[in-house]
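Numbering (the numbering used here), first residue to last: -13 to 196.
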């Protein structure tokens, strides 16, 4: 991986157990929309008990913090937690589309290109009473990966699709901008309604997991 570029909102680490756990520990002092990214995760997780495969230095493995509440840009009721999924998945679609890659959302938290998985998302919510305090969202995006374990049924990377090598630090700055834009769009009822409509347009449910 190339040396990380300086960015006050993104902290690159070399090796961590998981970026979600690091951001959870740093949560009290972490700013809204701040990111912990790692060259290598030793215990990265997908949904359920699945581990997340990533060759060190090849892909984006990071966590972003969304804050809500009186001291954050807006309030979000816990009953509307689906908004977190919508913000994140639609931002990933925006980003991939900007790189010429069309994608769709597999319910609840994966991004697929055709019949192959390019990205997984793990969401941990913090709730007090009726309202969200924050969400820590872990994202694993296959960027420059070329070699896959045989047990993975349907992976794909950006490099597989375009033949290009990507500078991870540059791509993460662009992706963070897309996430921040979608987060801002969810601040109003009208914005959340528009997010929901767009999410449903691009989402599918896989009846039988591969």
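Using N, Cα and C, we set each Cβ at its ideal position, and we do this for glycine too.
Taking the CB atoms as reference points, tell me whether residue i and residue j lie closer together than 8 Å.
i           : j           : result
residue 104 : residue 127 : yes
residue 154 : residue 39  : no
residue 181 : residue 69  : yes
residue 97  : residue 46  : no
residue 76  : residue 184 : yes
residue 73  : residue 188 : no
residue -4  : residue 23  : yes
residue 107 : residue 123 : yes
residue 99  : residue 147 : yes
residue 3   : residue 27  : yes
Using only the alpha-carbon positions, how far apart do residue i and residue j sit?
i           : j           : result
residue 34  : residue 95  : With a pLDDT of 48 at residue 34, under the threshold of 50, the modelled position of this residue cannot be trusted, and the question is left open.
residue 42  : residue 5   : 14 Å
residue 169 : residue 71  : 11 Å
residue 164 : residue 78  : 7 Å
residue 115 : residue 121 : 15 Å
residue 7   : residue 80  : 27 Å
residue 1   : residue 190 : 34 Å
residue -11 : residue 132 : Because residue -11 carries a pLDDT of 42, less than 50, the predicted location of this residue cannot be relied on, and no value is offered for it.
residue -1  : residue 193 : 38 Å
residue 48  : residue 66  : 24 Å
residue 198 : residue 119 : Look at the range of the chain in this structure, -13 to 196, and you will see that residue 198 is not part of it.
residue 171 : residue 179 : 10 Å
residue 167 : residue 44  : 26 Å
residue -8  : residue 156 : At residue -8 the pLDDT is 49, less than 50, meaning the model places this residue with poor confidence and gives no usable figure here.
residue 174 : residue 149 : 40 Å
residue 12  : residue 29  : 18 Å
residue 136 : residue 102 : 14 Å
residue 21  : residue 88  : 25 Å
residue 14  : residue 117 : 18 Å
residue 151 : residue -6  : 25 Å
residue 176 : residue 134 : 42 Å
residue 18  : residue 93  : 26 Å
Mind checking who residue i pairs with in its DSSP beta bridge?
i           : result
residue 1   : 26
residue 141 : 103
residue 48  : 23, 125
residue -4  : 21
residue 189 : 91
Residue ranges of each beta strand (DSSP E) run of no fewer than 3 residues wholly in the stretch 52 to 131, ordered along the chain? 90 to 92, 96 to 99, 102 to 114, 117 to 127
Could you tell me whether the stretch 82 to 102 touches the stretch 56 to 67, using the rule of 3 or more Cβ pairs below 8 Å? no
Are the stretch 138 to 153 and the stretch 49 to 57 touching, with three or more C-beta to C-beta distances below 8 Å? no
Can you list the alpha helix (DSSP H) stretches of 4 or more residues lying completely in the stretch 139 to 179, in chain order? 144 to 148, 154 to 171
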